[in-house]
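Sequential numbering of the sequence shown, starting at 89, is according to my numbering. Glycine residues also receive a C-beta, built at the ideal position from the N, C-alpha and C atoms. Here is the structure we will look at, set down as structure tokens.
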Amino acid sequence: MTIKEQIQQCEKELAEQFRTLEECAYRNQCKVLDAFAKLRIATRHFMPSCGYGYGDEGRDTLGALFAEVFGAEAGLVSPNILSGTHALTVGLFGLLRTGDTLFSIAGAPYETLHEVIAGSGNGSLADYGIAFRKCELKDGAFDFAAIEEGLRDPSVRVVFIQRSRGYAWRDALSEAQIADACRFVRRCGFQGCIFVDNCYGEFVEETEPTQNGADIAVGSLIKNPGGGLAPTGGYIVGKKEYVDRIAGRLTAPSIGAEVGSYAFGYQYFYQGLFFAPHIVCQALKGALLIGACLQKMGYETSPAVGARPYDITRAIRFRTRGELVAFIQAVQEASPVDSFVHLEPWDMPGYEDPVIMAAGCFVPGASIELSADAPVREPYIAYFQGGLTYEHCRYALEKILAKIKK
């Protein structure tokens with residue numbers, strides 16, 4: 089069977105899953121359009137601002153728009169939030185104080201947060217006397233007994249949930265699982281903030297964590313909600329009291345969200361959000377296809393073929409370092425930007441092992457665009473995500489399969 093025939097066969101087998109994703113994208117698109125109409129979005133909201141940015145209607149309305157879409161009381165959306173890690177850091181520092189404890193109930197957070205939480209002498213949470221504890225997931229689900237035990241500590245002020253897999257071999261958490269966890273945490277008497285790292289999960293399902301019991305959800309605009317158009321930025325949505333506290337950390341406690349200009353205008357942020365449900369669907373279909381094809385070649389992938397994905401990431405376990413590196417290189421070679429670049433692992437800031445990263449993107453580092461990365465260590469697992477168009481995903485898959493077979 090040729091590579092094209094193999095891909096066509098997998099597409100036929102995935103047809104029903106594709107239809108499910110497309111229906112979800114339609115309902116999310118309706119939700120976004122209803123929010124645009126409710127807030128009466130107009131071209132004036134796209135205009136740039138400068139200086140302090142007092143009265144910047146585009147900035148303020150963008151925050152309100154995200155809050156409406158995510159079913160939250162308030163939203164803070166800013167190009168001055170530089171990445172998902174920055175958004176998470178600002179959020180955690182805005183909510184936690186000396187003597188408090190951050191309690192992660194989904195295992196260790198993503199690697200770039202390790203120094204934020206427990207670094208020494210670098211301005212970490214630990215440096216400010218904020219403790220950290222965690223409990224692991226149990227067979228991919230929340231360990232409610234361990235959560236209940238952890239919540240007996242009265243110093244816990246923030247319960248942290250990472251929705252996506254990070255660099256772990258597990259499925260992303262579903263909205264149903266997050267809702268169950270939030271209800272359980274409240275039944276345990278917890279009165280603090282339930283905080284969700286929502287990166288890679290936006291618009292994958294029909295609801296978001298802030299519609300299912302979370303107090304705060306945080307993410308990057310160069311992932312799902314930016315729709316491939318947002319050039320930078322991040323968002324924080326949730327209860328107004330918490331968003332206000334976080335805004336005081338992003339700027340200053342005396343001014344909060346009242347300032348912050350952007351001289352390039354906000355059109356791409358609004359337009360990216362409009363595109364996001366469709367773009368996420370394209371990425372999900374591409375991830376399903378690559379998972380199905382590689383499984384037929386004998387590779388283990390996560391989530392399992394046939395399972396509903398709960399984020400845009402596809403994990404693939406390779407047998408050797410060489411296979412892993414070749415896969416990442418093939419993704420780069422199929423990219424529209426810098427396809428000629430020969431990738432090698434390097435010591436990337438914030439990561440504990442050398443990382444190889446394919447990111448031939450129009451917006452550097454935008455993992456809603458076709459990209460892949462991996463820490464170069466055993467087990468040799470690559471994390472593939474994004475794809476602005478399904479056609480690009482399919483094209484890249486042909487290149488990937490050809491290189492792997494070779």
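message: Assuming phenylalanine 154 is part of the alpha helix (DSSP H), what are its boundary residues?
response: 145-157
message: Between Ser208, Gly182, Gly315, which has its C-alpha nearest glutamate 329's C-alpha?
response: Gly182
- request: For the region 343-397, list the alpha helix (DSSP H) runs that are entirely contained and at least 4 residues long, ordered along the chain.
  value: Taking only runs of at least 4 residues, the alpha helix (DSSP H) segments lying wholly in the region 343-397 are 355-384.
query: Residue range of the alpha helix (DSSP H) that arginine 221 falls in?
result: Looking at the DSSP string, arginine 221 is not in any alpha helix (DSSP H); the run it does join, the beta strand (DSSP E), is 219-222.
task: Give the DSSP-derived three-state secondary structure of valine 273 in the structure shown.
output: Reduced to three states, the DSSP call for valine 273 is helix.
field: Per-residue DSSP class, three states only, for phenylalanine 106
entry: The DSSP-derived three-state label of phenylalanine 106 is helix.
Euclidean distance between Cα positions of valine 425 and glycine 474: 15 Å
- request: Determine the direct distance from the alpha carbon of glutamine 94 to that of alanine 130, and round the result to whole angstroms.
  value: 47 Å
task: Assign methionine 445 to one of two classes, buried (16 or more other C-beta atoms within 10 Å of its C-beta) or exposed (fewer than that).
output: buried
- prompt: According to DSSP, what are the bridge partners of tyrosine 468?
  reply: The partner list for tyrosine 468 (beta bridge, DSSP) reads Phe406.
- prompt: In this structure, what does DSSP give as the bridge partners for glycine 228?
  reply: In the DSSP output, where bridge partners are listed per residue, glycine 228 has none listed.
query: From serine 423 to tyrosine 468, what distance separates their C-alpha atoms?
result: 22 Å
task: Counting only the same chain and skipping the five closest in sequence on each side, list residues whose C-beta sits under 6 Å from that of glycine 207.
output: So no residue of the chain qualifies.
field: Short Cβ contact (7 Å threshold) for tyrosine 478 with lysine 373
entry: The Cβ atoms of tyrosine 478 and lysine 373 lie closer than 7 Å to each other.
message: Using the three-state DSSP reduction, which class does arginine 258 fall into: helix, strand or coil?
response: Coil at arginine 258, not helix or strand.
DSSP state of valine 247 mapped onto helix, strand, coil: strand
Reduced DSSP secondary structure (H/G/I, E/B, other) of alanine 175: helix
task: Buried or exposed for glycine 187, please, with buried defined as at least 16 other CB atoms from any protein chain shown within 10 angstroms of its CB.
output: Counting Cβ neighbours within 10 Å, glycine 187 comes out exposed, since fewer than 16 surround it.
query: In terms of residue numbering, what span does the alpha helix (DSSP H) encompassing cysteine 138 cover?
result: Looking at the DSSP string, cysteine 138 is not in any alpha helix (DSSP H), and its letter there is neither H nor E.
message: Pop quiz: glutamine 105 and histidine 366 are said to be a contact at Cβ under 8 Å. What is the actual Cβ separation, rounded to whole angstroms?
response: Actually they are not in contact, since the Cβ atoms of glutamine 105 and histidine 366 sit about 17 Å apart, beyond 8 Å.
task: Give the secondary structure of glycine 448 by DSSP, where H, G and I count as helix, E and B as strand, and everything else as coil.
output: Note: glycine 448 maps to coil in three-state DSSP.
- prompt: Alpha carbon to alpha carbon, what distance is there between phenylalanine 248 and phenylalanine 272?
  reply: 14 Å
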